[in-house]
Amino acid sequence: MKNSKSQPVIFVIFGATGDLNWRKINPALYNLFLDKWMPEQFAIIGTGRTEYSDKDFRKKLLEGVNKFSRKGEAEKTAWEKYANNITYQAADINDSKAYQDLGANINALKKEWGQEPVVIFYMAVASDFFPTIAENLKKNKLAQRADMARIVIEKPFGTDLESAKALNKLLCDIFDEKQIYRIDHYLGKETVQNILAFRFANSILEPIWNRNYIQHVQLSVTEQLGVGSRGGYYEGSGALRDMVQNHVLQLLCLIAMETPINFEADEVRNRKVDVLRSMRPFKPEDIKRNAVRGQYGEGWIEGEKVPGYREESSVDAHSNTETFAALKFFVDNWRWDGVPFYVRTGKRLHQSASVISIQFRDVPHKVFPEEAIDNWRQNRLIISIQPEMSIRLQVQAKRPGLDMVLNTVDMVFNYDETYGQETPEAYETLLLDTMMGDQTLFMRGDQVEAAWELLMPVLQSWETKPSLDFPNYSADSWGPETAEALIARDGFHWFALPSSTKSTR
């Protein structure tokens, strides 16, 4: 259980003047403070190249809280009490003196508090700067105590298997693995965490959670938005690196993993790694049939004309970067032998949603007459992460009336309707876990490498063989026609959330 009475904590945020801290990190820390999860003694030290006074830096952060906090605009007294713990230090991350000054600030707080704090170094910077910061932390002896110093790293964790291994080696030469928190904000979402509770706290599910009862699994993470101002970043990434290697495969692991012995971090992560190592490698002859890529063209989204990917800012006019990816995976173990896992993700699609659909096998014998089962559908379990947070089981039931007519009905658990309270943002959960030293929701080094190893054949094939039909889907569609063919060959179709659940957000 989490304990709000933790020991003192110091957050050192590299890149503190950037968008990530403004929109996500600081609003999350402020919400934790309001909900009394922060310890009585805490400090937030922001660093960046821009010159700011403490007052001006706090003012900038307040604007972010007022705009992005789920709790709305900050109340003056609460904000002032929180902001008194925030300081700013203009610093060049290449300059050793900046780290010496940080060390002096940390030591002064230790002396003031009279006890050793947990010190969290958050790298809210471009991944190119990770090695520089890590090496300077080592050089200036700021993270020597493995039990008290932690580093948080945002994705992308490498751009391929080789770079991920190199970064892992560098970090593990400096820190213990238990100090490294590779953050994937998807794992902090309430519904994602509830997958573990749903699977392993209910005895009715385990007997049917296997190849004997499940026909196939779908995971869709779709976005209406285009790349916007992130064209330069996305050109070096693409859908496979940006979404599949981390978010999507993390969701797949939660669905496919074996029951852990306990809820300790390494035990849960061991079971996730087992899934990745059990997944069938892509052979060159499999890629064309089991991996589909796409790139969006221009179109209309909610009455507004939007440009194609190649017309976006900082994007090559002849770009080969995929903005859509759909793949068919197999987990070759006893539980999942022969069960296909279909995943898709893309930008400028018809709906923004993150949905897992588990379709069960049909009943072995239909006892009802044909006229009773015109609307027959197989049972399906749907876990919606967004826009709504819900778990729904679709079953057959008799329609009211004198005739025997069956149709599909939903048994729904909806977070908002059941609990009637706001759920914490993903960053709140993950930052609190970092303070508490709980790595359950964070990726381990071998897990990152296993995910890259699985996708490398597809990445290499797509990069060496430019697509001749880009753009191959229009904005506000569900992606390229070949994505539908990928799943239709097996007699299935992609699942989309019912219209009644769609969000206008």
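With our numbering as the guide, the letters of the sequence shown map in order to residues 25 to 529.
A virtual CB, placed ideally from N, CA and C, is assigned to each residue, including glycine.
Just so we're clear, the structure is a prediction, and the values are computed from it rather than from any experiment.
Local Cβ density within 10 Å of residue i, reported as buried at 16 or more and exposed below that
i, result
"H342", "exposed"
"F35", "buried"
"N45", "buried"
"A167", "buried"
"Y237", "exposed"
"C277", "buried"
"V379", "buried"
"Y497", "buried"
"P393", "exposed"
"R423", "exposed"
"Y333", "buried"
"D514", "exposed"
"G389", "Here residue 389 turns out to be His, not Gly, going by the sequence shown. With fewer than 16 other Cβ atoms within 10 Å, it is exposed."
"A148", "buried"
"L492", "exposed"
C-beta contact flag for residue i and residue j at 8 Å
i, j, result
"S244", "R73", "no"
"P504", "G318", "yes"
"L56", "E452", "yes"
"H240", "Y76", "no"
"L264", "E178", "no"
"V33", "F66", "yes"
"I37", "Y146", "yes"
"S408", "T215", "yes"
"Q248", "S151", "no"
"I415", "F437", "yes"
"A188", "L300", "no"
"L85", "N50", "yes"
"Q31", "Q139", "yes"
"Q418", "D440", "no"
"I144", "F466", "no"
"P180", "S261", "yes"
"I533", "I175", "The requested residue 533 does not occur in the structure, where the chain is confined to residues 25 to 529."
"T302", "N357", "Sequence check: residue 302 is Ser here, not Thr. Closer than 8 Å, so yes."
"G88", "L454", "no"
"W233", "A499", "no"
Contacting residues, own chain, Cβ-Cβ under 8 Å from residue i (five flanking each side not counted)
i, result
"P490", "N344"
"V268", "A349, L351, V367, T369, L479"
"D197", "none"
"W518", "Q242, S244, Y366, R368, W502, A507, E508, I511"
"Q113", "I69, G70, T71, A122, D125, L126, N129"
"D340", "E259, R334"
Other residues of its chain near residue i: CB distance less than 6 Å, five sequence neighbours each side excluded
i, result
"A512", "none"
"P331", "E322"
"N192", "G469"
"N314", "K352"
"P141", "P32, V33, I34"
"F306", "P481, V482"
"E477", "L185"
"K79", "none"
Start-to-end residues for the alpha helix (DSSP H) that takes in residue i
i, result
"D434", "Where D434 is concerned, there is no enclosing alpha helix (DSSP H), although the beta strand (DSSP E) it sits in stretches over 430-438."
"A499", "Not the alpha helix (DSSP H): A499 falls in the beta strand (DSSP E), residues 497-499."
"S120", "120-137"
"T458", "450-460"
"E178", "Where E178 is concerned, there is no enclosing alpha helix (DSSP H), although the beta strand (DSSP E) it sits in stretches over 173-178."
"Y106", "100-107"
"V89", "78-92"
"A509", "505-512"
Contact set for residue i: own chain, Cβ-Cβ below 7 Å, skip 5 residues either direction
i, result
"T528", "Residue confidence is low: T528 scores 34 on pLDDT, short of 50, so the model does not pin down where it sits. No coordinate-derived value is stated."
"R94", "N55, E446, E449"
"S28", "Here the model assigns S28 a pLDDT of 48, short of 50, so the residue's position is not dependable, and the following value carries that caveat. Taken in chain order, the residues that qualify are K60, W61."
"D386", "Q402"
"K526", "At K526, the pLDDT of 44 sits below 50, so the modelled position is not reliable and the matter cannot be decided from this model."
"V272", "L243, V245, V367, T369"
"A520", "Q375"
"T156", "I117, N118"
Residue range of the beta strand (DSSP E) that includes residue i
i, result
"T41", "Careful: T41 lies outside any beta strand (DSSP E) and carries neither H nor E."
"M113", "Position check: residue 113 holds Gln in this sequence, whereas Met was assumed. Where Q113 is concerned, the enclosing beta strand (DSSP E) stretches over 110-114."
"Y320", "320-325"
"E533", "What is shown of the chain runs 25 to 529, which leaves residue 533 out entirely."
"V245", "238-246"
"R235", "Note, R235: premise wrong, no beta strand (DSSP E); not H, not E."
"I228", "Run containing I228: none; DSSP gives neither H nor E here."
"K422", "414-422"
"V142", "142-147"
Margin query: Threshold first: 4 residues or longer. Then list the alpha helix (DSSP H) segments lying entirely within the region 299-379, N to C.
Written below: Qualifying alpha helix (DSSP H) stretches, in chain order: 308-314.
Next item on the list: Counting only runs of 3+ residues fully inside the region 43-73, write out the beta strand (DSSP E) ranges in chain order.
Entry: Complete beta strand (DSSP E) runs here, min 3: 66-72.
Next item on the list: Please list the segments of the alpha helix (DSSP H) lying wholly inside the region 239-289, counting only runs of 4 or more residues, in order along the chain.
Entry: 255-259, 273-280
Checklist line | Inside the region 461-488 only - alpha helix (DSSP H) runs reaching at least 4 residues | finding: Segments of the alpha helix (DSSP H) lying fully in the region 461-488: 469-488.
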